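Here's the structure we're looking at; comments come further down.
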């Protein structure tokens, strides 16, 4: 694998790739100094966004790939001071050193020199691999620390860092960390997956207990020179105040909207109550009509029963009279004297 192939990659500038997240830290319209850009994957995006870009690179193939991008290119090794002489008198709004410092013999000297290349209120954006990644720890438990062509154990890495050592390095070199961001990579998806899977589950659980940053593959830090730290604090306070005002306005708008909605609901509820009251009155009237109908039905049933009883009595009386008349006629024919009851 050639040097240029190792550092050539494509990514979606608007996505969540690590390079895209790094570039979102660059202020709009900023002049940018990019250290070790390789063939220019990030440089191309910066130019597309209208930034003026100066690069420091010493790989001939990478420098050739950078030529069409319209950047000022300094052909120099960062471990050699020639690059600093080439940038004499220039100042930048942002300096990018993404996955670069770990390749240097003396990153401290570079960091100290960079402060003089920054505009007032400018920012340094760095990215460094995290040697405290759980995958590395798993490999160490297996007795392995094998270098590779790329990754955390890139064979060209001269220095290794943890979050604490990054912070100490920056502060020792006159920088104040302003913001941190982590590139989290599941260990099972890393180059250390085999070592991780080979560990007993109990070991993994014990290792991860209380370790919030176990899956941090890289750290990003936005830093400012110590001389600007108070100004940056004021900027951050103003930014936070502005954010709070925006949140307050959003809450007020939400409250007003919800209040108007509540009034509408109350109005609708009042109308519904009136409708329900009208329905209840109608139901009461219907119930009264039903009760009256039930009473009328009961009266009719009673009258019908009385009529049936009267009719039955009348039928019995008629039958008795008919029987008496028949007996009288029979007696007359027989010449007998009819006596009542005989």
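Residue numbers (my numbering): 21 to 362. Here a beta-carbon is modelled for each residue, glycine too, at the ideal position from N, C-alpha and C. Model, not experiment: these values are computed from the prediction.
* Throw me the rounded Cβ distance for the residue 125 and residue 178 pair, which I believe falls under 8 Å. => 6 Å
* Could you check if residue 241 is buried or exposed, using at least 16 other CB atoms within 10 Å of its CB as the buried criterion? => buried
* In three-state DSSP terms, what is residue 299? -> helix
* **Distance CB(residue 146)-CB(residue 172) smaller than 8 Å** => no
* For residue 348, which of helix, strand or coil comes out of DSSP? -> helix
* Residues that residue 144 bridges to, as DSSP identifies them -> 115 and 243
* Nearest to residue 140 by alpha carbon, out of 355, 115 and 120? -> 115
* **Presumed contact (8 Å Cβ cut-off) between residue 206 and residue 235, rounded CB distance** => 6 Å
* Asked: For residue 274, is the classification buried or exposed, using 16 other Cβ atoms within 10 angstroms of its Cβ as the cut-off for buried?
  -> exposed
* Mind checking whether residue 73 and residue 54 have CB atoms under 8 Å apart? -> yes
* Could you tell me which residues DSSP pairs with residue 201 in its beta bridges? => 240
* To do: Sort 104, 271 and 263 by Cα distance to residue 135 and report the nearest one.
  => 104
* Asked: Does the Cβ-Cβ distance between residue 200 and residue 231 come in under 8 Å?
  -> no
* Asked: What separation, rounded to the nearest whole angstrom, lies between the Cα atoms of residue 169 and residue 175?
  -> 6 Å
* **Local conformation of residue 362 per DSSP, three classes** => Confidence is the limiting factor: at residue 362 the pLDDT is only 49, short of 50, which leaves the residue's position unreliable, though a coordinate-based value still follows. Coil.
* residue 370 in three-state terms, based on DSSP -> Residue 370 lies beyond the residue range present for the chain, which begins at 21 and ends at 362; the question has no answer from this structure.
* Three-state secondary structure (DSSP) at residue 34? -> coil
* Can you give, in chain order, each stretch of the alpha helix (DSSP H) that sits fully within the segment 290-334 and has at least 4 residues? -> none
* **Three-state secondary structure (DSSP) of residue 156** => helix
* To do: Could you check what DSSP says for residue 138 in three-state terms: helix, strand or coil?
  => strand
* **Segment contact flag, the segment 88-102 with the segment 32-49, C-beta cutoff 8 Å, min 3 pairs** => no
* **Test item: CB-CB of residue 89 and residue 67 under 8 Å** => yes
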